[in-house]
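Visitor: This is the structure I have questions about; it appears just below.
Protein chains: 2
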Amino acid sequence: MRPVAILGIGQTQVDEHWEKSLREIGGEAIFAAMNDAGLEKADALYVGNMLSPLVNGQNQLGTFFSDWAGLWHKEAVKVEAACGSGAAAFRAALMAVASGEVEVAIALGVEKMTDKSGRDVTAALATAADADYEVEQGVSFVGLNALIMRRYMYEYGWKHADFAPFSINAHANAVHNPYARLRESITLEQFEKSAMVATPINLLDASPIGDGAAAAVLVPAEKVNALPGRPRVLVTGSASATDTIAVHSRRDPLFLSAAYQSARRAYQMAGVGADEIDVFELHDAFSIMSALSLEACGFAERGQGPRLGLEDQIRVGGRIPVCTRGGLKARGHPVGATGMYQIVEVVQQLRGECGPTQVDGARIGMAQNIGGSGATILTHILAVG
Amino acid sequence: MRPVAILGIGQTQVDEHWEKSLREIGGEAIFAAMNDAGLEKADALYVGNMLSPLVNGQNQLGTFFSDWAGLWHKEAVKVEAACGSGAAAFRAALMAVASGEVEVAIALGVEKMTDKSGRDVTAALATAADADYEVEQGVSFVGLNALIMRRYMYEYGWKHADFAPFSINAHANAVHNPYARLRESITLEQFEKSAMVATPINLLDASPIGDGAAAAVLVPAEKVNALPGRPRVLVTGSASATDTIAVHSRRDPLFLSAAYQSARRAYQMAGVGADEIDVFELHDAFSIMSALSLEACGFAERGQGPRLGLEDQIRVGGRIPVCTRGGLKARGHPVGATGMYQIVEVVQQLRGECGPTQVDGARIGMAQNIGGSGATILTHILAVG
Numbered sequence: 027m028r029p030v031a032i033l034g035i036g037q038t039q040v041d042e043h044w045e046k047s048l049r050e051i052g053g054e055a056i057f058a059a060m061n062d063a064g065l066e067k068a069d070a071l072y073v074g075n076m077l078s079p080l081v082n083g084q085n086q087l088g089t090f091f092s093d094w095a096g097l098w099h100k101e102a103v104k105v106e107a108a109c110g111s112g113a114a115a116f117r118a119a120l121m122a123v124a125s126g127e128v129e130v131a132i133a134l135g136v137e138k139m140t141d142k143s144g145r146d147v148t149a150a151l152a153t154a155a156d157a158d159y160e161v162e163q164g165v166s167f168v169g170l171n172a173l174i175m176r177r178y179m180y181e182y183g184w185k186h187a188d189f190a191p192f193s194i195n196a197h198a199n200a201v202h203n204p205y206a207r208l209r210e211s212i213t214l215e216q217f218e219k220s221a222m223v224a225t226p227i228n229l230l231d232a233s234p235i236g237d238g239a240a241a242a243v244l245v246p247a248e249k250v251n252a253l254p255g256r257p258r259v260l261v262t263g264s265a266s267a268t269d270t271i272a273v274h275s276r277r278d279p280l281f282l283s284a285a286y287q288s289a290r291r292a293y294q295m296a297g298v299g300a301d302e303i304d305v306f307e308l309h310d311a312f313s314i315m316s317a318l319s320l321e322a323c324g325f326a327e328r329g330q331g332p333r334l335g336l337e338d339q340i341r342v343g344g345r346i347p348v349c350t351r352g353g354l355k356a357r358g359h360p361v362g363a364t365g366m367y368q369i370v371e372v373v374q375q376l377r378g379e380c381g382p383t384q385v386d387g388a389r390i391g392m393a394q395n396i397g398g399s400g401a402t403i404l405t406h407i408l409a410v411g
Numbered sequence: 027m028r029p030v031a032i033l034g035i036g037q038t039q040v041d042e043h044w045e046k047s048l049r050e051i052g053g054e055a056i057f058a059a060m061n062d063a064g065l066e067k068a069d070a071l072y073v074g075n076m077l078s079p080l081v082n083g084q085n086q087l088g089t090f091f092s093d094w095a096g097l098w099h100k101e102a103v104k105v106e107a108a109c110g111s112g113a114a115a116f117r118a119a120l121m122a123v124a125s126g127e128v129e130v131a132i133a134l135g136v137e138k139m140t141d142k143s144g145r146d147v148t149a150a151l152a153t154a155a156d157a158d159y160e161v162e163q164g165v166s167f168v169g170l171n172a173l174i175m176r177r178y179m180y181e182y183g184w185k186h187a188d189f190a191p192f193s194i195n196a197h198a199n200a201v202h203n204p205y206a207r208l209r210e211s212i213t214l215e216q217f218e219k220s221a222m223v224a225t226p227i228n229l230l231d232a233s234p235i236g237d238g239a240a241a242a243v244l245v246p247a248e249k250v251n252a253l254p255g256r257p258r259v260l261v262t263g264s265a266s267a268t269d270t271i272a273v274h275s276r277r278d279p280l281f282l283s284a285a286y287q288s289a290r291r292a293y294q295m296a297g298v299g300a301d302e303i304d305v306f307e308l309h310d311a312f313s314i315m316s317a318l319s320l321e322a323c324g325f326a327e328r329g330q331g332p333r334l335g336l337e338d339q340i341r342v343g344g345r346i347p348v349c350t351r352g353g354l355k356a357r358g359h360p361v362g363a364t365g366m367y368q369i370v371e372v373v374q375q376l377r378g379e380c381g382p383t384q385v386d387g388a389r390i391g392m393a394q395n396i397g398g399s400g401a402t403i404l405t406h407i408l409a410v411g
């Protein structure tokens, strides 16, 4: 397969965009990415989205957006892997260009989910879990994560406040990201006093949903030159791995084996190890997921993920900066779009465009996107090259 | 890209499978295909499905089925292109193997849609159309096709009975397909007296929905040998093309330009022309679509599709046999699965497994799968080689 570069990126602010349609939000990101790439057309469009049939009454989003973007007669398709849909679309676009089938591919992650009530959206999000064996028992998506967090705290002896640094770091970084939904810092006291959602997960352990879209333009690396002040960003690692869809079916529900597998393969493909990653956009849908992701990807020992936060290693300047643009927690989690926000943010870091939250000299970045409660996990490694 | 072969196929009967779950139906097809291929594992699974979030309350079908099939830690994803989802999954699997990323890929098309009321399913199917500009006006999916058919009859001077041969041929062939939903022949008189659905489309112009799944195992061609009595089936052409999602946005709503584009590219890739196709599994969701597909793919002049039926050219033994296993009309149309049924049926023809509806000496077959009212169209060419 031939090397692939990311030529352009685009994103909309994550927010409640009641004044804009699904079409307009996705279009904004596509046009921004094409503009950033300096291109007016593309050969194919891969759209990541989870909820549009349920929330927007719209299927066939590939063609829906290729039509809106003027890409008539081109290839277009939607890919879905619950909250991992964004990275799944990126991987589909990557394969299309890497294989030689397509010269210019656009990957779009898009979600417009605030048009419905919280109750409806909670029910829609539950479709990521096992309908027969999890949802049928009445457990919600946050409920599943709460069960995992409770067990983790019990097994490894952590108290709730030990998870605070993940959320505090995400919020602190989001202040400097104009595309973030929650641009406000939080304190430990706020974290501890926040309203309970599903014990032990409170409001500041959980990421907010939102409407948003992010996109990237992928082309063969050989067609891209580094520009003054803008390095060439290559996709050096990509892997997708799955686990059982139901949490209770796992031999060890406290280990993200799909994260381990996809990170392992991505490291191998990129020829790097965890210690060479300069920045890591991880999938902090809930604070417990930050800990589990860091452990599965080799940044912490089993059960020791929270220590990285407590020891200040996850901030910009630390050993492994995470959620440098706010993460799911504060940039926001428009579910099917999130994976593409992560990719766009890693590109921003490698280009040196992150202002106060720029990781000095970042040359290798990683993004990990999770569908379901650890069921589908995609890891991508990008590098200046 | 490297050449790819289809090593195994599997399918379930299209029917109202109230006694089986979504999981069981899809699993049946996967296991049948793996058994047919003589393999016990695979590297990746690509699932085509349209309605599971709406009808089954289940998303993330890639992982849902890889879990059920015991493909833990493997890659899995769902692709969706409305009724074109099956072929879109096949194309994703094809790209994965052709690119060298994957050695053994399974493509599954699956749909379980009869658990809900006809009213609910009609609303769910409408998500294939443009929610803002078509569905909002109250037009259903069959309504859109009825508008196209009415205009076509007016423009080219055909009467309703001229479309009868498409349905009569499909039903006659389905009699010999144990996997078909409607295994009964129909007469011209029945066709003319059938109950009206959306004028001019009556019940025998329209394909029945159903529950079903079909799957194929794809591997590098170099790893497959022809067996005694079972030729090697290669994928020689594959293309996907889109049109505007809304019918009213098209310059010419009576020409399937996405079918023309995807067929043109598939012919080019396969190095064949329309006159070399021995069998064509087309997307006869409604009889009008048979006519439009035949015209766009070069088998008939503009406006002359019905003539092929009236002149007996679409039957087995005719110039271009279509729907040899019953087509959508009589095999049934489990929407996200249909594209994979078509692929499986073309493989059966090339293997010579079709009994009374076998096309003698078939060596090159084509399958065309349509999402929406001509919005996303995928064409595949398979050949003995």
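As you go down the protein sequences, you meet chains A and B in turn. The first sequence maps to residues 27 to 411 in the working numbering. The second sequence maps to residues 27 to 411 in the working numbering. Glycine included, C-beta positions come from ideal geometry on N, C-alpha and C.
1. Any idea if B/Trp44 is buried or exposed, counting beta-carbon neighbours within 10 angstroms, 16 or more meaning buried?
2. Using CA atoms only, rank isn't needed, just tell me which of B/Phe57, B/Ala31, B/Phe281 is closest to B/Thr38.
3. From the beta carbon of B/Ser9, is the nearest beta carbon of chain A less than 7 angstroms away?
4. Quick one: is A/Lys67 buried, meaning 16 or more other Cβ sit within 10 Å of its Cβ, or exposed?
5. Against chain A, does B/Asp93 count as a neighbour if the rule is that its beta carbon must be under 7 angstroms from one of theirs?
6. Please state if the CB of A/Glu129 and the CB of A/Asp62 are separated by a distance shorter than 7 angstroms.
7. A/Ser283 and A/Ser266 look like a contact to me (Cβ under 8 angstroms); what is the Cβ gap, rounded to whole Å?
8. Cβ closer than 8 angstroms: which chain B residues qualify as neighbours of A/Ala154?
9. Taking a Cβ distance cut-off of 7 angstroms, strictly less, list which residues of the stretch 358 to 381 of chain A are near chain B, in chain order.
10. Less than 7 angstroms between the C-beta atoms of B/Val342 and B/Ile32, yes or no?
11. Taking just the CA atoms, how far does A/Leu48 sit from A/Met175?
12. Look at B/Ala363 and B/Glu137 and say whether their C-beta atoms are less than 7 angstroms apart.
13. Take A/Pro257 as the anchor and find which of A/Ile390, A/Ala272, A/Ala150 has the nearest alpha-carbon.
14. Of all Cβ atoms in chain E, is any one closer than 7 angstroms to the Cβ of B/Ile271?
15. Pull up the distance between the alpha-carbon of A/Ile407 and that of B/Arg291, whole angstroms please.
16. At a CB-CB cut-off below 9 angstroms, which residues of chain A make contact with B/Ser319?
17. Can you check whether the C-beta of A/Ser125 is within less than 7 angstroms of a C-beta belonging to chain B?
18. Compute the distance between the beta-carbons of B/Ala114 and B/Val73, then report whether it is under 7 angstroms.
19. Identify the continuous alpha helix (DSSP H) that holds A/Glu45 and give its terminal residues.
20. When DSSP labels each residue in this structure, what does B/Ala150 get in the three-state scheme?
21. Quick check on the DSSP output: what are the complete alpha helix (DSSP H) runs of length 4 or more inside the stretch 182 to 258 of chain B, in order along the chain?
22. Under 9 angstroms between beta-carbons, which chain A residues line up against B/Ser313? List them in chain order, please.
23. For the alpha helix (DSSP H) that A/Gln294 lies in, which residues bound it at each end?
24. Who are the Cβ neighbours of B/Gly381 in its own chain at under 6 angstroms, not counting the five residues just before and after it?
25. Give a yes or no on whether the minimum CB-CB distance between A/Met295 and chain B is below 7 angstroms.
26. Between A/Ala190, A/Thr225, A/Ala239, which lies nearest to A/Glu215 when the distance is taken from Cα to Cα?
27. Short check: CB of A/Asn75 to CB of A/Lys104, under 7 angstroms?
28. Where does A/Phe306 fall in DSSP's three states?
29. Rounded to whole angstroms, what is the Cα-Cα separation between A/Lys219 and A/Thr213?
30. Please list the partners that A/Phe90 has in chain B, where partner means a Cβ-to-Cβ separation under 8 angstroms.
31. Looking at chain A, which residues of the stretch 73 to 84 of chain B have a Cβ within less than 7 angstroms of any of its Cβ atoms?
32. Taking only beta carbons into account, state which residues of the stretch 205 to 225 of chain A come closer than 9 angstroms to chain B, listed in chain order.
33. Are there three or more Cβ pairs, one per stretch, closer than 8 angstroms when the stretch 368 to 386 of chain B is compared with the stretch 345 to 355 of chain B?
34. Does any CB atom of chain B fall closer than 7 angstroms to the CB of A/His99?
35. Tell me which residue opens and which closes the alpha helix (DSSP H) that A/Glu371 is part of.
36. Going by DSSP, which residues form a beta bridge with A/Cys109?
Guide: Checking against the coordinates, here is how it stands:
1. exposed
2. Selected option, being the one with the closest Cα: B/Phe57.
3. This structure does not reach residue 9 of chain B, given that chain B is present from 27 up to 411, and the question cannot be answered.
4. exposed
5. yes
6. no
7. Between A/Ser266 and A/Ser283 the Cβ distance is about 13 angstroms, and since that is not below 8 angstroms, they are no contact.
8. Asn85, Gln86
9. none
10. no
11. A/Met175 and A/Leu48 have their C-alpha atoms roughly 34 angstroms apart.
12. yes
13. A/Ile390
14. Checking the listed chains, one finds no chain E in this structure; the protein chains it contains are A and B.
15. C-alpha separation (whole angstroms): 33 angstroms.
16. Neighbours of B/Ser319 on chain A: none; closest Cβ ~16 angstroms, over 9 angstroms.
17. yes
18. no
19. Element bounds for A/Glu45: n/a, residue is neither H nor E.
20. helix
21. 190 to 200, 214 to 219
22. Per Cβ cutoff of 9 angstroms: no residues; B/Ser313 is ~23 angstroms from chain A at best.
23. 283 to 296
24. Shown here for B/Gly381: same chain residues with a beta carbon closer than 6 angstroms to its own, the five before and five after excluded, namely His202 in chain order.
25. For A/Met295, the answer is no, since every Cβ of chain B falls outside 7 angstroms of its Cβ.
26. Of the listed residues, the one whose Cα sits closest to A/Glu215 is A/Ala190.
27. yes
28. A/Phe306 carries a strand assignment under DSSP once its states are collapsed to helix, strand and coil.
29. 10 angstroms
30. Asp156, Ile271
31. Met76, Pro79, Leu80, Asn82, Gly83, Gln84
32. Those would be none; no residue qualifies.
33. yes
34. yes
35. 361 to 377
36. DSSP lists A/Ala107 as partners of A/Cys109.
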